[in-house]
Amino acid sequence: MSLGARLIERGARAYFGVADRVAAPKLSILIFHRVHAVPDPLFPEEMTAPRFDAICRSLKAAFQVMTLGHALQRWQAGALPPRSLVITFDDGYADNAEVALPILQQHGLPATFFVATGFLNGGRMFNDTVIECVRSTSCEELDLDGFALGRREVRSLSQRRSVIDDLLPKLKHLQLKERQTALASLLERAKQPSLPADLMMRSAQVQALHGAGMEIGGHTVNHPILHVLCDADAEWEIAQGRQQLESLVQAPVACFAYPNGRPTKDYGARDVALVRRLGFLGAVSTATGVVKADADPFQLPRFTPWDAGTSRWLARLAMMRVRSAPATVA
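In case it helps, this note's numbering puts the sequence shown at residues 540 to 869.
Written out as C-alpha cells, the structure reads:
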C-alpha cells in the first residue's frame with residue numbers, strides 16, 4: 540500500500556472517530572451490486588475485484604464494519620460504536636459469492652446480501668435480459684418503434700450501451716406481466732440471441748454466504764417496483780421472498796431492501812408499513828445519506844462509493860454526515 544493511501548485511511552479513521560465523539564455516532568451503509576472479476580466492456584465503470592479489494596482495505600483500516608442486523612441492534616440500543624459502517628449487496632448476483640466473498644474474507648469483513656429469490660438457480664433479472672440481449676444480438680440495427688425509440692444502430696459498443704441506457708427506463712416501472720411481454724418483443728427483434736443463465740446465485744451459494752458469517756436479507760421474489768403493485772401482491776413479494784430465504788439458510792431474515800429503492804417513486808408509505816408489520820428489524824432504501832439518530836429504521840439511506848480514488852469517495856462519505864436528512868416517504 541502506498542504512503543498516500545495509508546495517510547488517507549489514517550485521516551479517515553481520525554475524522555470519523557472525532558465526529559462520532561463530538562456528536563451521536565452515525566451509521567454509514569454502502570451499497571454494491573456486482574463485483575466483476577474483470578472489467579465489463581459495456582460497463583467499464585462498474586465495480587471490479589481490484590477496486591473492491593482496495594475499498595475493503597480502506598474500510599478495514601478506517602471503520603468498524605458489521606452486518607446491518609447487528610448495526611441496527613446497536614443503533615436502536617443507543618450503543619452504536621464510533622466509525623460504524625455496513626457493506627450491503629443488492630439482488631443476488633453470482634459474482635457476490637464468487638468474487639466479492641473471497642475478498643471480504645481476506646480482509647475479515649462481514650456484509651449483508653439482499654437476495655431476490657425468483658432469480659436463483661438460473662434466473663435473470665429484467666435489466667440483465669435487456670443488457671445481454673443487446674450485447675449479444677447479431678443484428679446491426681434494431682427496430683425499437685414498439686418502445687418509442689425508433690430504429691437504432693447497434694454496430695459498436697457505444698451504440699449498444701446507448702440503446703441499453705434508453706431501454707431500461709422504458710421497462711423498469713411496468714407491471715411484471717407487461718415487462719415480460721416487452722422483453723419477449725425485444726428478444727424477437729434481436730433475433731433471439733443466446734442469453735446467459737449463470738448471472739445470479741445458486742441456492743448453494745446463498746447458503747455458503749450464510750455459512751461464512753454473512754447476513755442474508757430480503758429483497759422480494761421478482762424484484763418488482765413495489766409502488767405499482769396492489770396490496771396483496773406487494774405483501775406476497777415481501778413475505779414470500781423472506782420465507783424462501785429463511786427456508787434456504789435455516790435462519791431468520793431480519794432486514795429488507797426495497798427493490799430499486801427510491802422513496803415515493805419505487806416504494807411508498809404502504810410498503811414501509813408492510814415491512815414493519817411483517818416483523819423485519821429494519822429496511823434500506825437507495826436514498827443517499829447516512830443514518831442519524833432520528834432516522835426511520837425502515838427507510839435507512841445508503842451510499843455508493845463510485846469514485847475510483849479512495850480519497851474522493853471517503854470525502855463524499857464525510858460530506859453525507861453534515862447534509863440534511865435524505866428523502867423518505869411519510
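From the three backbone atoms N, C-alpha and C, an ideal C-beta is built for every residue, glycine too.
- Counting along the chain, P589 sits inside the alpha helix (DSSP H) bounded by residues 588-601.
- The alpha-carbon of F652 is positioned some 28 Å away from that of V861.
- Fully enclosed alpha helix (DSSP H) runs of no fewer than 4 residues occupy 607-615, 640-646, 665-675 of the segment 607-677, in order along the chain.
- CA-CA distance, Q744 to A636, rounds to 6 Å.
- Classified as buried, V638 has 16 or more neighbouring CB atoms from the shown chains inside 10 Å of its CB.
- Taken in chain order, the unbroken stretches of beta strand (DSSP E) that lie wholly in the segment 790-826 and span 3 residues or more are 794-796.
- Under the DSSP assignment, I703 falls in the alpha helix (DSSP H) whose first and last residues are 696-711.
- Taking the Cβ atoms as the reference, P865 lies roughly 4 Å from P840, within the contact range of under 8 Å.
- Around the beta carbon of S567, 16 or more other beta carbons sit within 10 angstroms, so the residue counts as buried.
- Distance from the CA atom of L569 to the CA atom of D846, rounded to whole angstroms, is 13 Å.
- For I777, the secondary structure class from DSSP, reduced to helix, strand or coil, is helix.
- Excluding sequence positions up to five before and after R700, its CB lies within less than 8 Å of the CB of L581, F582, all in the same chain and listed in chain order.
- Counting along the chain, L566 sits inside the beta strand (DSSP E) bounded by residues 566-571.
- Judged by DSSP in its simplified three-state form, F686 adopts helix.
- In the DSSP assignment, the residues bridged to D579 are F582.
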